[in-house]
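Here's the structure we're looking at; comments come further down.
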Amino acid sequence: MDKSIRITNDSEAKSLFGRHDENLKMLEDEMSVKTFFKDGALSLSGPDEAVNSSTKILEEFLITIRQGGTIRKHDMAYAIKFVTKQGQAKAPSAPYELHDIYLDRIEVSSKRQYVIPRSRGQKEYIDAIRRNDIVFAIGPAGTGKTYLAMAMAVNALRKKIVSRIILTRPAVEAGETLGFLPGTLDEKVTPYLRPVYDALYDMVEPESVQDYVARGIIEIAPLAYMRGRTLNDAFIILDEGQNTTTEQMKMFLTRLGFDSKTVITGDVTQSDLPRGKESGLVQVQSILKGIEGIRFMYLKSEDVVRHELVQAIIRAYESEGKVK
Numbered sequence: 003m004d005k006s007i008r009i010t011n012d013s014e015a016k017s018l019f020g021r022h023d024e025n026l027k028m029l030e031d032e033m034s035v036k037t038f039f040k041d042g043a044l045s046l047s048g049p050d051e052a053v054n055s056s057t058k059i060l061e062e063f064l065i066t067i068r069q070g071g072t073i074r075k076h077d078m079a080y081a082i083k084f085v086t087k088q089g090q091a092k093a094p095s096a097p098y099e100l101h102d103i104y105l106d107r108i109e110v111s112s113k114r115q116y117v118i119p120r121s122r123g124q125k126e127y128i129d130a131i132r133r134n135d136i137v138f139a140i141g142p143a144g145t146g147k148t149y150l151a152m153a154m155a156v157n158a159l160r161k162k163i164v165s166r167i168i169l170t171r172p173a174v175e176a177g178e179t180l181g182f183l184p185g186t187l188d189e190k191v192t193p194y195l196r197p198v199y200d201a202l203y204d205m206v207e208p209e210s211v212q213d214y215v216a217r218g219i220i221e222i223a224p225l226a227y228m229r230g231r232t233l234n235d236a237f238i239i240l241d242e243g244q245n246t247t248t249e250q251m252k253m254f255l256t257r258l259g260f261d262s263k264t265v266i267t268g269d270v271t272q273s274d275l276p277r278g279k280e281s282g283l284v285q286v287q288s289i290l291k292g293i294e295g296i297r298f299m300y301l302k303s304e305d306v307v308r309h310e311l312v313q314a315i316i317r318a319y320e321s322e323g324k325v326k
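The sequence shown stops at residue 326 when you use our numbering, and every number in between is there.
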């Protein structure tokens, strides 16, 4: 089968083909098709199913590019897996086209402008946050659990949907007894909350972060400091939820006040709790299952957007059953 796609200009071709045509080379290698570009037309040849799937991917990417989106090498790799797994570019469990994923922009700040999902799982995740007041994001490292939650929090603050952001993490290595550690409160807390700070500083200018923290608009604190509070008009993120005990998880979830939204992230295979202590994130899945307004999202290795080797490492550990 032979098919042809019209490319309107050089800029469009450059964005679609990738640096040194890396996107087209990947498509040819993975889909067993041949491509040829001449006079504004990109021709594809090969087996019928491969050509149809490859054409669908390229057409979806063109829609993305023509509406101001960007395509990276990782996106081509994901699109190929998406199409070959589903047999079409629309997943029956979630009616998203590929361009729906890449054109969903979460405005954060003038520094980064916006954050976008890079997989169907990530798209489902941010849509779940939009539609529910409590969302649990469970999955391996690199799937965007904390980063996308942070983007949604910053976006909600910018749009005045909430008046503050509260970021918390269980300081499990310190046993939550931070008073016995040397230094000021900030010096004690910062090492345990560094990943949260990193995501925040990637989206908001440093001077703005410092101002927000000083004014209490952004609060970053260990989980122990949430006890006894009611959190109204806030976007609350609990990171590393697998390191909470059953009691801590219940305490945290009951802090939710009016006009607030909560996201709990974690990887249930990476608990730092003492041996024999059940994770609150594991237990809560059966306790709160089926409650309206609460959504459990399960991100997978294909949702990893770090270096492609991270996906390979996660799959290797999963296949060997060595994840602790």
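Every residue gets a Cβ at the ideal spot worked out from N, C-alpha and C, and that includes glycine.
Spell out a yes or no on whether the region 99-117 and the region 45-62 are touching, meaning 3 or more CB-CB pairs, one atom from each, closer than 8 Å. yes
How would you label Pro208, buried or exposed, when you count the other beta carbons within 10 angstroms and need 16 or more for buried? Against the sequence shown, residue 208 aligns to sequence position 206. Answer is exposed; the Cβ neighbour count stays below 16.
Contacts around Glu109, its chain only, beta-carbon distance under 6 Å, and the 5 residues preceding and following it disregarded: For the purposes of this step, residue 109 is identified with residue 107 of the sequence shown, where counting begins at 1. The residues are Tyr116, Asn157.
Using the three-state DSSP reduction, which class does Gly177 fall into: helix, strand or coil? Working through the sequence shown from its first residue, we reach residue 177 at position 175. Model confidence at Gly177 stands at a pLDDT of 45, short of 50, so the residue's coordinates are unreliable; what they give is reported in the following sentence. Here Gly177 sits in coil by DSSP.
Report the rounded CA-to-CA distance for Arg120 versus Val286, giving the unit in angstroms. Locating residue 120 in the sequence shown gives position 118, counting from the first residue. Locating residue 286 in the sequence shown gives position 284, counting from the first residue. So the alpha carbons of these two residues sit roughly 28 Å apart.
Would the beta-carbon of Asp129 fall within 8 Å of that of Gly295? The residue you call residue 129 lines up with position 127 of the sequence shown. The residue you call residue 295 lines up with position 293 of the sequence shown. No.
How many angstroms separate the CA atom of Ile163 from the CA atom of Ile239? Here residue 163 corresponds to residue number 161 of the sequence shown, with the count starting at 1. Here residue 239 corresponds to residue number 237 of the sequence shown, with the count starting at 1. Spanning the two alpha carbons is a distance of roughly 15 Å.
Val265 vs Ala139 beta-carbon contact at 8 Å: Stepping through the sequence shown from its first residue, residue 265 is reached at position 263. Stepping through the sequence shown from its first residue, residue 139 is reached at position 137. Taking 8 Å as the Cβ cut-off, Val265 and Ala139 qualify as a contacting pair.
Which whole-angstrom value describes the C-beta separation of Gly141 and Asp269, a residue pair presumed to lie in contact below a C-beta threshold of 8 Å? Here residue 141 is taken as the residue at index 139 of the sequence shown, counted from 1. Here residue 269 is taken as the residue at index 267 of the sequence shown, counted from 1. The distance from the Cβ of Gly141 to that of Asp269 is about 6 Å, consistent with a contact at the 8 Å cut-off.
Residue range of the alpha helix (DSSP H) that Glu249 falls in? Here residue 249 corresponds to residue number 247 of the sequence shown, with the count starting at 1. Here the alpha helix (DSSP H) through Glu249 covers 248-255.
Given a cut-off of 8 Å on the beta-carbon distance, is the pair Thr271 and Ala223 in contact? What you label residue 271 is simply residue 269 of the sequence shown in a count that begins at 1. What you label residue 223 is simply residue 221 of the sequence shown in a count that begins at 1. When the beta-carbon positions are compared, Thr271 and Ala223 stay at least 8 Å from each other.
Who are the Cβ neighbours of Tyr80 in its own chain at under 6 Å, not counting the five residues just before and after it? One-based indexing of the sequence shown puts residue 80 at position 78. Correct list, in chain order: Ser121.
Quick check on Tyr149: buried or exposed, where buried means 16 or more other Cβ atoms within 10 Å of its Cβ? As a working mapping, residue 149 is identified with position 147 in the sequence shown. That one is buried.
Return helix, strand or coil for Gly123, following the three-state DSSP convention. Position 121 of the sequence shown, counted from the start, is the residue given in the question as residue 123. In the structure shown, Gly123 sits in a helix (DSSP, three-state: H, G or I).
What is the rounded straight-line gap between the Cα of Leu233 and the Cα of Ser165? The residue labelled residue 233 in the question sits at position 231 within the sequence shown. The residue labelled residue 165 in the question sits at position 163 within the sequence shown. Approximately 11 Å, taken between the alpha carbons.
Please give me, in chain order, every unbroken run of the alpha helix (DSSP H) with length at least 4 that falls completely inside the region 18-105. Listed in chain order, they are 24-33, 50-68, 75-88, 100-104.
At what residues does the beta strand (DSSP E) containing Val236 begin and finish? Residue numbering aside, residue 236 sits at position 234 when the sequence shown is read from its first letter. The sequence given here has Ala at residue 236, not Val. Judged by DSSP secondary structure, Ala236 falls within the beta strand (DSSP E) whose first and last residues are 236-240.
Whether Ala15 touches Ile7 by CB criterion (8 Å): Numbered from 1 along the sequence shown, position 13 holds the residue referred to as residue 15. Numbered from 1 along the sequence shown, position 5 holds the residue referred to as residue 7. For Ala15 and Ile7, no; Cβs fall outside 8 Å.
Identify whether Asp213 lies in helix, strand or coil by the three-state DSSP scheme. Numbered from its first residue, the sequence shown carries residue 213 at position 211. Here Asp213 sits in helix by DSSP.
Nearest-angstrom beta carbon gap, Asp4 and Ser55 [assumed within contact, 8 Å]: On the sequence shown, residue 55 is found 53 positions in, with the first residue counted as 1. On the sequence shown, residue 4 is found 2 positions in, with the first residue counted as 1. The Cβ separation is near 15 Å, so there is no contact.
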